[in-house]
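Numbering (this note's numbering), first residue to last: 123 to 325.
All residues carry an ideal CB built from backbone N, CA and C; glycine is no exception.
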Amino acid sequence: MKLYYAPGTCAVACWIALKWADAAFEAVKVDYASKEFKRINPLAAVPALDIGTGRAMTQADAILSYIAETHPGAALGPDPDPLGRFEFGETMAFLTGDFHPAFWPFFFPARYTTDESQQALDHVRAAAFARIDRAMAHLDALIGEDGHVYRHRHTVADAYAFIMARWSAKTPKSWQDYPNISRLFALMESDDAVREVLERSQA
Ligand SMILES: N[C@@H](CCC(=O)N[C@@H](CS)C(=O)NCC(=O)O)C(=O)O
123 MKLYYAPGTC AVACWIALKW ADAAFEAVKV DYASKEFKRI NPLAAVPALD IGTGRAMTQA
183 DAILSYIAET HPGAALGPDP DPLGRFEFGE TMAFLTGDFH PAFWPFFFPA RYTTDESQQA
243 LDHVRAAAFA RIDRAMAHLD ALIGEDGHVY RHRHTVADAY AFIMARWSAK TPKSWQDYPN
303 ISRLFALMES DDAVREVLER SQA
């Protein structure tokens, strides 16, 4: 199994999940904009996971769910009851569909306006920051005082939320300003597997 990643991206959450699952895999660093990688994922985005079926899997939510489902002993996925599955799906959809996309206009404002002036870019960033803050506040409320994103326990949602919330350090309000997200960070930063992945993925 091969995980295609770029440093600091949501693909690193998949790497953490694979480590937690004790899966056998190779992490392959890519330039997501390169021609070679577009042959693996035509959408030019990481993560992609090649399990040898002839087509790499894409979409972080689906990949993380696949890792959780194929490694049940690691208990990284939802509780099996319908409400448990719903809450997990709702959480992952928020993280990948609302939280992650909120950051992109802040980091790449030129993609979100045809006006090339500095003022236009500043406006996009200001609007983006309001969405990021709203999503961070929602994540903070989801986490609560135990430091976990889903039902008071360690799941792939923790890995994804942690890696994405790190991006807030580059915005006017960092994760340290949100008390429950700070609790998640304390748990993640004291996890040996997480520390190893952060070190290796940034190398
Ligand atoms: N919907 C995709 C989005 C993946 C995505 O945007 N990945 C980012 C890294 S976190 C990326 O590779 N972006 C490249 C780009 O937008 O140019 C998913 O959830 O996996």
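Problem - Proximity test, Y154 beta-carbon vs ligand 1 heavy atom, cut-off 7 Å - result: Along the sequence shown, one-based indexing puts residue 154 at 32. Judged by the Cβ position, Y154 qualifies as a neighbour of ligand 1 at the 7 Å threshold, a heavy atom of the ligand being closer than this.
Practice task
Output yes or no for whether 8 Å exceeds the beta carbon distance between L217 and I265.
Solution key: If you number the sequence shown from 1, residue 217 lands on position 95. If you number the sequence shown from 1, residue 265 lands on position 143. No. Outside cutoff.
Problem - Cβ pair Y282, L186 closer than 8 Å - result: In the sequence shown, counting from the first residue as 1, residue 282 sits at position 160. In the sequence shown, counting from the first residue as 1, residue 186 sits at position 64. The criterion of a C-beta distance shorter than 8 Å is satisfied by Y282 and L186.
Problem - beta strand (DSSP E) segments (min. 3 residues) lying fully within the segment 147-192 - result: The DSSP assignment places 148-151, 170-172 as complete runs of the beta strand (DSSP E) inside the segment 147-192, in order along the chain (cut-off: 3 residues).
Exercise for the section: Since I believe F159 is in contact with L125 (beta carbons under 8 Å), could you give me their beta-carbon distance rounded to a whole number of angstroms? Expected result: The residue given as residue 125 occupies position 3 in the sequence shown. The residue given as residue 159 occupies position 37 in the sequence shown. Not a contact, Cβ separation roughly 13 Å.
Problem - Check whether A139 and I189 have beta carbons under 8 Å apart - result: Within the sequence shown, the letter at position 17 stands for residue 139. Within the sequence shown, the letter at position 67 stands for residue 189. A contact, by the Cβ cut-off of 8 Å.
Practice task
For E122, collect the residues of the same chain with a Cβ closer than 8 Å to its Cβ; drop the 5 residues on either side in sequence, then sort them by chain order.
Solution key: What is shown of the chain runs 123 to 325, which leaves residue 122 out entirely.
Problem - Residue interval of the beta strand (DSSP E) (run including P141) - result: Along the sequence shown, one-based indexing puts residue 141 at 19. This sequence places Lys at residue 141; Pro is not what is there. Looking at the DSSP string, K141 is not in any beta strand (DSSP E); the run it does join, the alpha helix (DSSP H), is 133-142.
Practice task
Go ahead and pull the three-state DSSP assignment for Y272.
Solution key: If you number the sequence shown from 1, residue 272 lands on position 150. In the structure shown, Y272 falls within a strand segment according to DSSP collapsed to helix, strand and coil.
Exercise for the section: Grab the span of the beta strand (DSSP E) containing L205 for me, first residue to last. Expected result: The sequence position of residue 205 within the sequence shown is 83, counting from 1. If you look at L205, you'll find it isn't in any beta strand (DSSP E); it sits in the alpha helix (DSSP H) that goes 204-216.
Practice task
For the alpha helix (DSSP H) containing L264, list its first residue and its last residue.
Solution key: Here residue 264 refers to the residue found at position 142 of the sequence shown. Here the alpha helix (DSSP H) through L264 covers 240-265.
Exercise for the section: Would you check if the distance between the CB atom of F225 and the CB atom of W289 is smaller than 8 Å? Expected result: As a first step, residue 225 must be located in the sequence shown, where it is residue number 103. As a first step, residue 289 must be located in the sequence shown, where it is residue number 167. Yes, these two residues count as a Cβ contact at 8 Å.
Problem - Same chain only: Cβ atoms within 6 Å of A135, ignoring 5 sequence neighbours per side - result: As a working mapping, residue 135 is identified with position 13 in the sequence shown. Contacts found: A281, Y282, I285.
Exercise for the section: Taking 8 Å as the cut-off, decide whether the C-beta atoms of D201 and R273 are in contact. Expected result: Within the sequence shown, residue 201 is the residue found at index 79, counting from 1. Within the sequence shown, residue 273 is the residue found at index 151, counting from 1. A contact, by the Cβ cut-off of 8 Å.
Practice task
Return the CA-CA distance between R203 and D244, expressed in angstroms with no decimal places.
Solution key: Taking the first residue of the sequence shown as 1, we reach residue 203 at position 81. Taking the first residue of the sequence shown as 1, we reach residue 244 at position 122. According to the sequence displayed, residue 203 carries Asp and not Arg. Rounded to whole angstroms, D203 to D244 spans 46 Å at the Cα level.
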